[in-house]
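A short worksheet on the structure shown next.
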Amino acid sequence: MAVIDPSVVRPLPRHAIAVVLDVIGRVGQMAATLLVASFLTFLFLQAAPGDPVQIMLGGRANDPDAVRRLNEQFGFEDPVLVQYWNWLTGFVHGDLGTSFLFREDVSSLVGSRLPTTALLVVFGSILVVVFGFALGLIAARSGRVVDTSVSVFLSIALATPSYVIAIVLITVFSLYLNWFPVFGSGDGFLDRLHHLTLPAITLALSSSAAMARVTRASIKEEEHRDHVTTAIARGLDRRTVLRRHVVRNSLLPITTVAGILVAALVAGTVIVEQAFGLDGLGSLLVLAITRKDYAVVQSVSILVIAAFLVANALVDLLYGIIDPRTRIGDNR
Amino acid sequence: MSAVLPAGQATRGDQASRLGLWFFAGTSFLLVTMAILAPLLAPHDPNGGDVLQVLQPSSAEHWLGTDASGRDLFSRLLYGSRTALLGPLVVVLVATTAGTALGILAAWRRDWVDSLVGRLFDLVFSFPSMLLALLFVAVMSPGLITAALAVSIAFIPAIGRLVRASALREVNEPYVQALLTQGFGSFYICSRHVLPNLWPVILAQVTTSFGYAMVELAGISFLGLGVQEPTADWGKLIQTGQGSIVRGYPQESLYAGTALVIAVVCFISLGDILATRKNGGHR
Amino acid sequence: MNSLLEVTDLRMVMPTTHGPTELLRGVSFTVARGEAVGIVGESGSGKTLTLRSLIGLTPRGSSVSGQVRVDGESVMDLSPRRLRGLRREQVGMIFQDPHAAINPVYRVGDFLTEPWRRSPRLERAAATERAAALLARVRITDPERVLASFPHQLSGGMLQRVMIAAAVMHDPGLLLADEPTTALDVTTQSEVLALMNEVRAEHGASLILITHDIGVVAAVCDRILVMYRGRVVEELTPAQLYAGEISEPYTEALLSCRPEVTRRQDRLPVVAAGAFDERYAD
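Protein chains in written order, with our numbering: chain A, 297 to 628; chain B, 2 to 284; chain C, 1284 to 1565.
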């Protein structure tokens, strides 16, 4: 994009080292937060009433041998810190514990359910970014009538919870119009996308509305900036001014919000998966909580928090690319 | 460029906000009244189902029809408003009390206590609120109060940060210094002088939070982890109504959903208007 | 046409909820080729609006009437394309705060070479050379470093030179400067002013300079226009100014507001808000 000869830029190695150090710092911070969060979660779940062995054995709880075997296998009699340590070392090595509900390793459970959730989140994120940004841009550049009607639509979308949106969409598009299936995740990539369309829209609607709002406000604000006037005064044409000066500069607040919204999508999958009967991580979590399968609850919770934190961290990194004033390595 | 500030612009916005204030406050009041008077207004027992009258459409007997167990939907909706409004009330009371206390404390001390409180807030914030609520419910048995407590904890940082920001401004005001030199204790100054000045901000935030708490709590009930059968609750009704949708009867979920959205829009808009008015017409 | 610029009865009205407000109430003046004209007045007198109207940068929703002729062409009747051409090649504008006026996310080199992306479309190396030559014109000694820098890495004075370079890029006949030195410290101020004079003299360009500092305008300009509430109330030369041949009481008042280091004053004079309204009411 630059017309300037890049060999003139400051020596590369120094800048790259600063970037690497910064990334390491961030990853370290995230790991620390995850550690604390996982420990607190672990402690918290320990406080749950009921003996885990009893829950697991159900009817055979009277058999002392079975009880003893389970206690040995899972180390339920060990002190809390030891149990946590065992869990942590296991987790880092990929052993997420065992689900008594499904009688299989949590890691394989997660593995089988992750694709659905991941696809849902990616699909939803694309909707949020593309649809939200486009709508906001249109609203910012249009006349009063379009702008106001879009605003009204956005307010409604923002106020409606995702489970209500799910019901409305299911009723209209599945029940009456029969365009989409009501439940399930489907087989095969295209079929999956078909099944995930309504869920993705549900997941993304509120966030898209928020994104549109921020985009609109950001662009409107940027239009009044001095550097935009300069660009116009220098005789640049409208499209160039819009693209290179108005939109480009308003990207910073827009990207921040986009990052936060995508992170929120991760949490939103819990409700959406439940509403549409999808076999993803969110519905797994709800099931595990209902049936008190704590191994699953612990591991899945940490995964969700991790995804959340990673999404937030990526936003910070994007800052540096979009706004050179915040780049690491610059001295001013 | 010389700023031409159209002073007249403010009046028009003012009028609109006053209209909105009355409208939303009125509707909120109606909702609360409806909830309190539910036993008097409901024509049928919300938990009494007639198996012979399953999934009936609207009729003179059942104004909004019946659900899959033959229970009158109108009565269930009315009773549902009780839990739908009670939960957020608990959330708001707990979160506001704790959040305000922590916020003022942090603003007053401004030392390591402030940092500690800030770190705590950050930690709670790093958990998505839904997850936090779910963890709570995982440990304690599902129910409205459990869910409400969980959501309260999740809301404390938001209110706390807001109060802290406002309190910081108050604490720097000369009158606080004056009171200190006169020998009044910090607790006295905070409770009798700083706090009253923060009321408008807190009240606006409380109203908005009430609306958001409604959304969270109904969501938890929707997942089956909040209000339990057979109690009627809007979030719960949306869930139980799902089964009927597939059979071609979306009424239960739709009615409950509509009621919820109306209430949520009401409270959040009311809170927004209060916040705007407090700032003199500017956000 | 001897004058490069002819402004005749320029009026601007902006609708507000209180009814239409007159922002410019019949501004008329001319600028000859090679002449430097200064515009002084308090905030809100319409100086900036007038300047911007010369290249058609009027605020959204305002209605403008009157005539603005640059080199014989009426600015207000130009097609969008011709207007862009005017802004690009015939008129150059210099803004007050270079850090706000230059887009902070692009390097200085990208800022300078932006107009050359389309017509004519230059190769990288050629564009860099041209940009470096431009910077040399404004007395920047290490053009390569400046070209590769971001605006926030340069000082106000340096950046203002860049802005001047951008303004004279196509050798315009008319330079418009809106308080170009207000954001700078005194030493840099005189440097930048001297630079503007030099650059102007190179091609015989005319200059319209807005400032609230009468000292500046007296040092640089051939003629001074005094504006108040959307009208030009007096025209005089620096010589007349110093000789005290001032006809308008407003100009007197404006002059007396300038604090002098050599004279002790117990209270600084001010121009009261509505003091001259009656006199200049329409």
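For every residue, glycine included, the Cβ atom is placed at its ideal position computed from N, Cα and C. Please read these numbers as outputs of a predicted model, since none were measured by experiment.
A distance below 7 Å between beta-carbons, with the five flanking residues on each side excluded, links D1454 (chain C) to the following residues of its chain, in chain order: H1486. Within chain A, no residue has its CB atom less than 7 Å from the CB of L1288 (chain C), the nearest being about 16 Å off. DSSP, read as helix, strand or coil, puts T1471 (chain C) in helix. In this structure the segment 441-452 of chain A does not lie against the segment 606-615 of chain A, because fewer than three pairs of beta carbons, one per stretch, are closer than 8 Å. By the Cβ-count criterion, V1515 (chain C) is buried, with 16 or more other Cβ atoms from all chains shown falling within 10 Å of its own Cβ. About 5 Å separates the CB atoms of Y459 (chain A) and F223 (chain B); that is less than 8 Å, so the two are in contact. If you draw a straight line from the Cα of T1331 (chain C) to the Cα of D1461 (chain C), it comes to about 7 Å. Assignment of D123 (chain B) by DSSP, reduced to helix, strand and coil, places it in the helix class. At a cut-off of 8 Å between beta-carbon atoms, M1376 (chain C) makes contact with chain A.
One alpha carbon belongs to L117 (chain B), the other to T147 (chain B), and they sit about 26 Å apart. Taking C-alpha positions only, G324 (chain A) is separated from G71 (chain B) by approximately 57 Å. In the DSSP annotation of this structure, the continuous segment of the alpha helix (DSSP H) that includes S82 (chain B) starts and ends at L74 to R110.
Per DSSP, the continuous beta strand (DSSP E) segment holding E1305 (chain C) begins and ends at G1302 to A1315. Taking the CA atoms as reference points, A1416 (chain C) sits about 18 Å from A1484 (chain C). Between the C-alpha atoms of H520 (chain A) and Q1379 (chain C) there is a straight-line separation of about 16 Å.
One alpha carbon belongs to A155 (chain B), the other to F372 (chain A), and they sit about 30 Å apart. Taking a Cβ-Cβ cut-off of 9 Å, the neighbours of D619 (chain A) in chain C comprise P1387 and V1388, given in sequence order.
Sequence-ordered contacts of the segment 309-332 of chain A with chain C are nonexistent [C-beta pairs closer than 7 Å].
When C:V1347, C:T1470 and C:L1366 are compared, the shortest CA-CA separation from E1356 (chain C) is found for C:L1366.
Counting the other Cβ atoms within 10 Å of the Cβ of R539 (chain A) gives fewer than 16, which makes it exposed. Going by C-alpha positions, L1478 (chain C) is about 28 Å away from E1517 (chain C).
Shortest Cα-Cα distance from A529 (chain A) to any of C:A1522, C:A1315, C:S1336 and C:M1376 involves C:M1376. In the displayed model, I1423 (chain C) falls within coil according to three-state DSSP, outside both helix and strand. No Cβ of chain A is located within less than 8 Å of the beta carbon of I160 (chain B).
When DSSP assignments are scanned along the segment 352-409 of chain A, the uninterrupted stretches of alpha helix (DSSP H) that are 4 or more residues long and fall wholly within it turn out to be 360-370 and 376-388. Look at the segment 1476-1496 of chain C: it has no residue with a C-beta under 7 Å from a C-beta of chain A. Fewer than three beta-carbon pairs drawn from the segment 212-228 of chain B and the segment 36-44 of chain B are found closer than 8 Å, and the two stretches are therefore not classed as touching. Look at the segment 124-140 of chain B: the residues with a C-beta under 9 Å from a C-beta of chain A are L124, S127, F128, P129, S130, M131, L132, L135, L136, F137, V138, A139 and V140. Counting of Cβ neighbours within 10 angstroms places I567 (chain A) among the buried residues, the total reaching 16 or more. In the same chain as I1385 (chain C), and ignoring 5 residues on each side of it, the C-beta atoms closer than 6 Å to its own belong to F1394 and P1434, in chain order.
The beta-carbon separation of L1337 (chain C) and G1456 (chain C), rounded to 12 Å, does not stay under the 8 Å limit for a contact. By the CB criterion at 8 Å, V1509 (chain C) and L1476 (chain C) fall outside the cutoff. Beyond the five residues adjoining it in sequence on each side, M1441 (chain C) comes within less than 8 Å, by CB distance, of I1423 and V1429 in the same chain, given in chain order.
Within the model, the alpha-carbon separation for S470 (chain A) versus L492 (chain A) is close to 13 Å. R1514 (chain C) carries a strand assignment under DSSP once its states are collapsed to helix, strand and coil.
Cβ contact annotation for S504 (chain A) (same chain, cutoff 8 Å, sequence separation greater than five): L423, V424, F427, G428, L431 and A453, in chain order.
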